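S.K.: Heads up: take any position in the sequence shown, counting from 1, add 7, and you land on this note's numbering.
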Amino acid sequence: QVQLVESGGGLVQPGGSLRLSCAASGSIFKSLRMAWYRQAPGKERDLVATITQGGSTYYADAMKGRFTISRDNAKNTVYLQMNSLQPEDTAVYYCNAHPPRVRFWGQGTQVTVSS
Numbered sequence: 008q009v010q011l012v013e014s015g016g017g018l019v020q021p022g023g024s025l026r027l028s029c030a031a032s033g034s035i036f037k038s039l040r041m042a043w044y045r046q047a048p049g050k051e052r053d054l055v056a057t058i059t060q061g062g063s064t065y066y067a068d069a070m071k072g073r074f075t076i077s078r079d080n081a082k083n084t085v086y087l088q089m090n091s092l093q094p095e096d097t098a099v100y101y102c103n104a105h106p107p108r109v110r111f112w113g114q115g116t117q118v119t120v121s122s
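1) Quick test of the definition: if touching needs 3 or more C-beta pairs under 8 Å, does the segment 29-42 touch the segment 67-86?
2) In whole angstroms, what separates the C-alpha of A56 from that of S34?
3) Can you give the Cα-Cα distance for G62 and A98, rounded to whole angstroms?
4) Considering only residues of the same chain and omitting the five flanking positions on each side of Q93, which have a CB-CB separation below 7 Å?
5) Report the option in A69, R52, Q88 whose CA atom is closest to the CA atom of Y101.
6) Using CA coordinates, which residue listed in M41, S91, K71, L25 is at the minimum distance from D79?
7) Compare the Cα-Cα distances from Y65 to each of N90, G115, Y44 and report the closest residue.
8) Quick one: what does DSSP say A67 is sitting in, helix, strand or coil?
9) To the nearest angstrom, how far is it from the Cα of A69 to the Cα of K50?
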């Protein structure tokens, strides 16, 4: 069983940056491909980025060049560095395995981009 706890969200002005963290419990973390997802108000949850066990990454088109996903297997933690944030990035951000597992969803962390 894996429990995921997201943190690092907040209110930021357009053009600003945030770094999200996802702390995982459970020994299987290192064997999982991990991902960040986000859900904006009234919209479906979308994939933001993924990272394999070995560190290979994938980004949704809207995040390329602005977001960076990384992981520290020794700390059982996945990160999302977000730069050049825009109002349309406002959402609740979640981490999960990829493909996502229903029982892994946490509370997420709110990111609000507004002046």
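Note that beta-carbon positions come from the ideal geometry of N, C-alpha and C, so glycine has one too.
In this text, all values refer to a predicted model and were calculated from it rather than measured experimentally.
M.R.: This is what the structure gives:
1) The segment 29-42, when compared against the segment 67-86, does touch it at the 8 Å Cβ threshold.
2) 22 Å
3) 25 Å
4) P21, V120
5) R52
6) The option with the nearest alpha carbon to D79 is M41.
7) Y44
8) coil
9) So the two alpha carbons sit approximately 16 Å from each other.
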